[in-house]
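Asks:
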Amino acid sequence: MKTRGATLGNPDSRSGSKYLAHSARNDCEPQEFSLHTSAVRDLAVQYAKEGLKHAACELQHLVEEIKAATLLHDAGKLTDDNQAILHGEVKSNHLIKHEDAGSLWAQTIGYKYAQQWVYSHHMGLQSRTTEVSKLLDDPAGVPYRFTAMLGVSEQNLPTIQQRFLEIGLNIPPATYSLSPVSGFAQRFALSCLVDADHTDTAIWQGAPPKTHTPTRWEERLHKLEEYVATLPVTEQGSIRQALFHACKSAAIQGRVNLDAVVGSGKTLASMVYALRTAIDAGLRHIFVV
15 MKTRGATLGN PDSRSGSKYL AHSARNDCEP QEFSLHTSAV RDLAVQYAKE GLKHAACELQ
75 HLVEEIKAAT LLHDAGKLTD DNQAILHGEV KSNHLIKHED AGSLWAQTIG YKYAQQWVYS
135 HHMGLQSRTT EVSKLLDDPA GVPYRFTAML GVSEQNLPTI QQRFLEIGLN IPPATYSLSP
195 VSGFAQRFAL SCLVDADHTD TAIWQGAPPK THTPTRWEER LHKLEEYVAT LPVTEQGSIR
255 QALFHACKSA AIQGRVNLDA VVGSGKTLAS MVYALRTAID AGLRHIFVV
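Taking the working numbering, the leading residue of the sequence shown gets 15, the next gets one more, and so forth.
#1: Quick test of the definition: if touching needs 3 or more C-beta pairs under 8 Å, does the region 180-192 touch the region 96-104?
#2: Taking the continuous beta strand (DSSP E) assigned at alanine 35, which residues delimit it?
#3: I need the boundaries of the alpha helix (DSSP H) containing glutamate 78, first residue and last residue.
#4: Do alanine 35 and aspartate 88 have their C-beta atoms within less than 8 Å of each other?
#5: If you count every other CB in all the chains shown that lies within 10 Å of the CB of glutamine 121, and 16 or more means buried, which is it?
#6: What residues in its chain sit with their C-beta under 6 Å from that of leucine 297, if we drop five residues either side in the sequence?
#7: Could you compute how far the alpha carbon of glutamate 113 sits from the alpha carbon of arginine 230?
#8: Identify every residue that forms a DSSP beta bridge with glutamate 46.
#9: By alpha-carbon positions, which one of Glu103, Gln60, Ser106 and Tyr190 ends up nearest to threonine 84?
#10: Got a sec? Which residues, its chain only, sit under 7 Å from lysine 16 by beta carbon, not counting five neighbours each side?
#11: Write down every uninterrupted run of the alpha helix (DSSP H) in the region 95-119 whose length is 4 residues or greater and which is fully enclosed by it, in chain order.
#12: Under 8 Å Cβ to Cβ from leucine 164, same chain only, skipping five residues before and after it: list those, please.
#13: Per DSSP, what are the beta-bridge partners of arginine 39 in this structure?
#14: Excluding the 5 residues flanking threonine 161 on each side, which residues of the same chain have their C-beta closer than 6 Å to its C-beta?
#15: If we call anything under 8 Å between Cβ atoms a contact, is alanine 264 one with tyrosine 287?
#16: I need the DSSP call for serine 191, collapsed to helix, strand or coil.
#17: Which runs of the alpha helix (DSSP H) fall wholly inside the region 147-222 and span at least 4 residues, in chain order?
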């Protein structure tokens, strides 16, 4: 793959032109790279902080790792080749693997998990076993890199980094070392990036900003209490009532277990506790599995 010269694909050669994240489409003007990247960063960090405010202390560094991933997720779009496509100078329905340059950059400055999320943000989180096995390929590949882009992204990275500075974006090297992150935490982090990316793109295309649906936890709790009050006055009903009121008055704490016999009303009792927890902690969702 050749690097394009100043006439074709180099945004600096066009008077008043800008680096783009998205080309014009569906009656929308092109979206500037800096605006999209900054918006994705702000949204993803907001999601991460909301989701991690009740998490263990060691997971708080995930916010910085997620922030790094958002800044780098589209970095490869700043190459001359991809800018030529985005500006409409080269006709193509697909950009040249823009995820790869961001993955390389993240790896070189110590964001090992951000590297995986940047690499995966269009195709989903990849199997670590599959990625590591690339080392055994002939020729050898690199985990969380596209083999066809090896050498190409290395050549383009200095230009990308310079253009980052030109548009006022900055990403310092990682100053911490994350302890091993669970698969669940990785999926949470990737979802922050992908949701923010898709949300800002949708808003650029004219979709209204997201709004939170009111939770109505107090109303739901009142309705649940009304229902339990109608349970028949039987031996089983009395057991259900007792378990329900025990969970209703129990102290709110972290992870808890409810161990009771079949038919004693565990579902009702656990729900009153879950509703009280949601009210106490300001949660937006209750998941029943």
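For every residue, glycine included, the Cβ atom is placed at its ideal position computed from N, Cα and C.
Replies: In short, the structure shows the following:
#1: no
#2: Counting from 1 along the sequence shown, the entry for residue 35 is found at position 21. Residues 34-36.
#3: One-based indexing of the sequence shown puts residue 78 at position 64. First-last of the alpha helix (DSSP H) with glutamate 78: 76-86.
#4: Residue 35 sits at position 21 when you count from the first residue of the sequence shown. Residue 88 sits at position 74 when you count from the first residue of the sequence shown. Cβ atoms of alanine 35 and aspartate 88: closer than 8 Å.
#5: Walking along the sequence shown from the start, residue 121 turns up at place 107. By the 10 Å Cβ count, glutamine 121 comes out buried.
#6: Stepping through the sequence shown from its first residue, residue 297 is reached at position 283. Excluding residues up to 5 positions away in sequence, nothing lies with its Cβ nearer than 6 Å to the Cβ of leucine 297 in the same chain.
#7: Along the sequence shown, read from residue 1 onward, the residue named residue 113 stands at position 99. Along the sequence shown, read from residue 1 onward, the residue named residue 230 stands at position 216. Whole-angstrom Cα-Cα distance: 41 Å.
#8: On the sequence shown, position 32 is the one that residue 46 refers to. Paired residues: Leu34.
#9: For the purposes of this step, residue 84 is taken as residue 70 along the sequence shown, with counting starting at 1. Threonine 84 has its Cα closest to that of Gln60, out of Glu103, Gln60, Ser106 and Tyr190.
#10: Indexing the sequence shown from 1 puts residue 16 at position 2. Residue confidence for lysine 16 is low, a pLDDT of 33 falling below 50, so the modelled location carries little weight; the figure read from the coordinates is stated next. Same-chain partners within the cutoff: there are none.
#11: Correct list: empty.
#12: As a first step, residue 164 must be located in the sequence shown, where it is residue number 150. Only Gly155 and Val156 meet the Cβ criterion.
#13: Taking the sequence shown and counting its residues from 1, the one referred to as residue 39 is at position 25. Cys42, per the DSSP bridge assignment.
#14: Looking up residue 161 in the sequence shown gives position 147. These residues qualify, in order along the chain: Gly155.
#15: On the sequence shown, residue 264 is found 250 positions in, with the first residue counted as 1. On the sequence shown, residue 287 is found 273 positions in, with the first residue counted as 1. Their beta carbons are under 8 Å apart, which means alanine 264 touches tyrosine 287 by this criterion.
#16: For the purposes of this step, residue 191 is taken as the residue at position 177 of the sequence shown. If DSSP states are grouped into helix, strand and coil, serine 191 belongs with coil.
#17: Counting only runs of 4 or more, we get 166-180 and 197-218.
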